[in-house]
Amino acid sequence: MSDAAKASAPVFEPWKNPSEKPLIRFENVTKRFGDFTAIDDLTINIYEREFFALLGPSGCGKTTMMRMLGGFETPTEGAITIDGQNMSAVPPNKRAVNMMFQSYALFPHLSVAENIAFGLKRDKLPADRIAARVEEMLSLVQLNKFASRKPHQISGGQRQRVALARSLAKAPKLLLLDEPLGALDKKLRQDTQFELMDIQETTGTTFVIVTHDQEEAMTVASRIAVMDHGKIVQVDTPAKIYEEPGSVYVADFIGDVNLIKGMVVKSGNDHASISWAEGQQDLIGIAHDEIPHGTDATLAVRPEKVTISTDRPEGVTNALSGKVLDIAYLGNMSTYVIETANGTLIKAQAANTRRISRRAITWDQQVWLSFTDTAGVVLTS
Amino acid sequence: MKRFALISIPYLWLLALFLVPFLIVLKISLSDTELAIPPYTPTLDIAQGWAGVREWWAGLDMENFVWLTEDDLYWKAYLSSLKIAIISTLLTLMVGYPIAYGMTRAPDEWRPTLMMLIILPFWTSFLIRVYSWKAILSNEGLLNQLLIGIGLIDEPLVILNTNIAVYIGIVYTYLPFMVLPIYAALERLDESLLEAAEDLGCSRFTAFWLVTFPLSKQGVIAGSFLVFIPAMGEYVIPALLGGSKTLMIGKVLFEEFFANRDWPVASAVAVVLLLILIIPIVLFQRNEEKQREAGK
Ligand SMILES: Nc1ncnc2c1ncn2[C@@H]1O[C@H](COP(=O)(O)OP(=O)(O)O)[C@@H](O)[C@H]1O
Ligand SMILES: [Mg+2]
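Chains A and B supply the protein sequences, listed in that same order. With the numbering used here applied, the first sequence corresponds to residues 1196 to 1576, in that order. With the numbering used here applied, the second sequence corresponds to residues 162 to 457, in that order.
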């Protein structure tokens, strides 16, 4: 969907509407394996038609959360409700939830079409209805030609589509996708991400997707939950997570970021200033809550928001100087690594709009970096 | 050259241990009985040269094979062996499958022990193990003593010297050959397939029949052939546990050889048995090949 289309469509933000009933509710859910806590007192609401992404490093409990939604694990404490119904006593085969497994879990002895029909047959639908639905699903994932092949006779990307079609066939209220695109190469992964979004839009299914690829989460999700050690550290829209991370952990996890450590010297009016190095001016960033004077804090600012120039820039709130340590030419843009007098490394990114314009800046040159007072956020955790 | 040597080893093996003995048996089956040592004629006399070979060749005929079709003892014994082999293969499958399934479900640290228990009986002589079943199954045996002791029956059950004892003996003896290939197939089974089946609406029970069983089919087929083929020609078990009414081709063969000293007829019986067994062996190998292809 283009930005223009997004702007004209009514804003989809059910989480901001207090009267909206969530489809999924985790209430103080804890899951322990022996004395290891995989999910730690987790509370979250997920709404109908959301494309909800769970993002976090390996081992943080994403799969465990999914498996609890699918019914393959039961919470040690707390309750999970789906559509208002407590799920604790509901087995997987009685849930209006389907899961696309990380390993695809296609039945090797069944053909592509039989795999897709598997769930429909369990519902004892008439044969012609099943055949029609299988046909529909095959067209959706563009695999009509491969209907009679066995899983081992098709490529990895095609297998992944079969798994997707199989999990969509029963038109579940909720679709769980556990690292669905992990095995695909970059190009195929991007195509499939857009396909997933299209499918979600046409079917209106609620998707919960697990990924450890932050770009993927940013691309597909309506909201992202960033997890760490069994806890959710932040839930927000991709833009919010990227622009205004709530903690250094989130800022560092999502995308490239400069983390400048310092001490708060002024706070208020949605902004805070930090003093960070001798001989350099204080830096200002966003801080919605007032931070006490003298608190240790980190200013997180994205490299693409930092402008590089050879002369001291005029009329900017944040400026600092340093020496060019490294230049990485990435084709459409270049990344400069600047070392300040106290040894802090800061990255700046500039688009290569004109072929030779940036050639003016070379290694070891003394340069200035600048950014606005809304470019970075001041974080205390 | 080295490669050639390597490849030729299995062929030499086959030649020495299968083809040569088979040709000797085939030759004897075409000969006639005679009270002599060896007890058949003609024997090849190389010293006479080409004439000797011609004379030897002229002495061979199909008489013994014709005889097999004339006396109904033989085809009845073949049929009865076939029946006993099929029934005991099915029984072994019914006992072996749950054992293999249970082994794959057992905690990881138990599995080597369970595997040991399956293989352990091979450490004692097969003959002794079958013989000890006599002590269990006889009228005054352990089983009857136990059943009478706990008051379940008044009269001892007659099991020994019946076909039931033969079935018990075959199931007991060949159980590992059934369990191991099924276990191997089940162990390869990806647990997430069962979860996927449940996710799509199967109960545990239907998931077993729709996913687990079909995916262990190769193991079931392999195990069944490994039991069926030796059971078909079994001699020791029917001889020790079966009764006078238990008719099996292995027993007939033994009697022809040692009681009647009719080597040529015994050899003919063996040749026919082999021809009958070649069909399942070929089927078995086809299955193995298919499995290898699918496994890729
Ligand atoms: N069945 C289990 N028994 C013991 N520990 C488990 C089990 N399942 C998951 N864990 C542990 O829980 C943690 C979270 O696992 P998981 O949810 O799979 O992480 P993720 O999907 O985020 O990589 C891991 O440290 C893992 O070792
Ligand atoms: Mg995982």
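Cβ atoms here follow ideal geometry from the backbone N, Cα and C, with glycine treated the same way.
{"Query": "Environment of ligand 1 in chain order, Cβ to heavy atom below 5 Å", "Result": "A:F1228, A:A1233, A:S1253, A:G1254, A:C1255, A:G1256, A:K1257, A:T1258 and A:T1259"}
{"Query": "Strand pairing of I1522 of chain A, partner residues [DSSP]", "Result": "A:Y1531"}
{"Query": "Close beta carbons around R142 of chain B, own chain, < 6 Å, minus the five adjacent residues each side", "Result": "Outside the displayed range of chain B (162 to 457) lies residue 142 of chain B, so it cannot be described from this structure."}
{"Query": "Candidates A:A1358, A:G1377 and A:W1210: closest to E1245 of chain A by CA position", "Result": "A:W1210"}
{"Query": "Against chain A: residues of the region 360-393 of chain B by CB proximity under 9 Å", "Result": "D360, L361, G362, C363, S364, R365, T367, A368, L371, V372, P375, L376 and K378"}
{"Query": "Under 8 Å by beta carbon: chain B residues contacting F1228 of chain A", "Result": "Under the 8 Å cutoff, chain B gives no residues; its nearest Cβ is about 15 Å from F1228 of chain A."}
{"Query": "Element boundaries [alpha helix (DSSP H), containing F1247 of chain A]", "Result": "Segment F1246 to L1250 is the beta strand (DSSP E) holding F1247 of chain A; no alpha helix (DSSP H) there."}
{"Query": "Span of the beta strand (DSSP E), counted from its first residue to its last, around D1373 of chain A", "Result": "L1369 to D1373"}
{"Query": "Proximity to Q1353 of chain A [Cα-Cα], best of A:P1367, A:V1224, A:L1370 and A:P1375", "Result": "A:P1375"}
{"Query": "Three-state secondary structure (DSSP) of S353 of chain B", "Result": "helix"}
{"Query": "Interface flag, E352 of chain B vs chain A, CB-CB below 7 Å", "Result": "no"}
{"Query": "M1458 of chain A, DSSP secondary structure in three states", "Result": "strand"}
{"Query": "Distance between R1344 of chain A and M1196 of chain A (C-alpha atoms, nearest Å)", "Result": "Legend: pLDDT at M1196 of chain A = 44, less than 50; position of this residue unreliable, no value from coordinates given."}
{"Query": "Same chain only: Cβ atoms within 6 Å of I1583 of chain A, ignoring 5 sequence neighbours per side", "Result": "Residue numbering for chain A in the displayed model covers 1196 to 1576; residue 1583 of chain A lies beyond these limits and cannot be assessed."}
{"Query": "Test: A357 of chain B CB closer than 7 Å to a CB of chain A", "Result": "yes"}
{"Query": "Any C-beta of chain B under 7 Å from that of G1314 of chain A", "Result": "yes"}
{"Query": "First and last residue of the uninterrupted alpha helix (DSSP H) at E1364 of chain A", "Result": "First, the residue type needs correcting, since residue 1364 of chain A is Ala and not Glu in the sequence shown. Unbroken run through A1364 of chain A: none, as it is neither H nor E."}
{"Query": "Local Cβ density within 10 Å of M255 of chain B, reported as buried at 16 or more and exposed below that", "Result": "exposed"}
{"Query": "Under 8 Å from the C-beta of S1298 of chain A: neighbouring residues of chain B", "Result": "D351 and S353"}
{"Query": "Runs of beta strand (DSSP E) lying entirely within the region 279-353 of chain B, each at least 3 residues, in chain order", "Result": "none"}
{"Query": "Cβ pair A358 of chain B, A368 of chain B closer than 7 Å", "Result": "yes"}
{"Query": "Same chain, Cβ closer than 8 Å to T230 of chain B, neighbours up to 5 away in sequence not counted", "Result": "W236"}
{"Query": "The region 1556-1572 of chain A in contact with the region 1465-1482 of chain A per 3-pair CB rule at 8 Å", "Result": "yes"}
{"Query": "Identified DSSP bridge partners for N1293 of chain A", "Result": "A:L1370"}
{"Query": "Any chain B beta carbon closer than 7 Å to N1293 of chain A", "Result": "yes"}
{"Query": "Amino acids of chain B, ordered along the chain, whose beta-carbon sits closer than 8 Å to that of G1351 of chain A", "Result": "Going along chain B, no residue has its Cβ under 8 Å from G1351 of chain A, so there is no contact; the nearest lies around 15 Å."}
{"Query": "Residues near K295 of chain B in its chain [Cβ-Cβ closer than 8 Å; skip 5 each side]", "Result": "G302, L321, L401 and L402"}
{"Query": "Segments of 4+ residues assigned as alpha helix (DSSP H) that fall wholly inside the region 1374-1443 of chain A", "Result": "1381-1398, 1409-1415 and 1433-1438"}
{"Query": "Alpha helix (DSSP H) runs wholly inside the region 175-233 of chain B, at least 4 long, in chain order", "Result": "181-190, 211-219 and 224-231"}
{"Query": "Per-residue contacts from G1265 of chain A into chain E (C-beta, under 7 Å)", "Result": "Protein chains in the displayed structure are A and B, and chain E is not among them."}
{"Query": "Integer-rounded CB distance, given that I1522 of chain A should sit under 8 Å from A1492 of chain A", "Result": "Not quite, the Cβ-Cβ distance comes to about 30 Å (not below 8 Å), so this is no contact."}
{"Query": "Cβ of R1324 of chain A within 7 Å of any chain B Cβ", "Result": "no"}
{"Query": "Through-space distance from L304 of chain B to L1371 of chain A, alpha-carbon basis", "Result": "56 Å"}
{"Query": "Rounded straight-line distance, which links the Cα of D1278 of chain A to that of Y262 of chain B", "Result": "38 Å"}
{"Query": "Where A1555 of chain A falls, given that 16 or more other Cβ within 10 Å makes a residue buried", "Result": "exposed"}
{"Query": "Contacts of R1317 of chain A in chain B (Cβ-Cβ under 8 Å)", "Result": "L361, G362, C363 and T367"}
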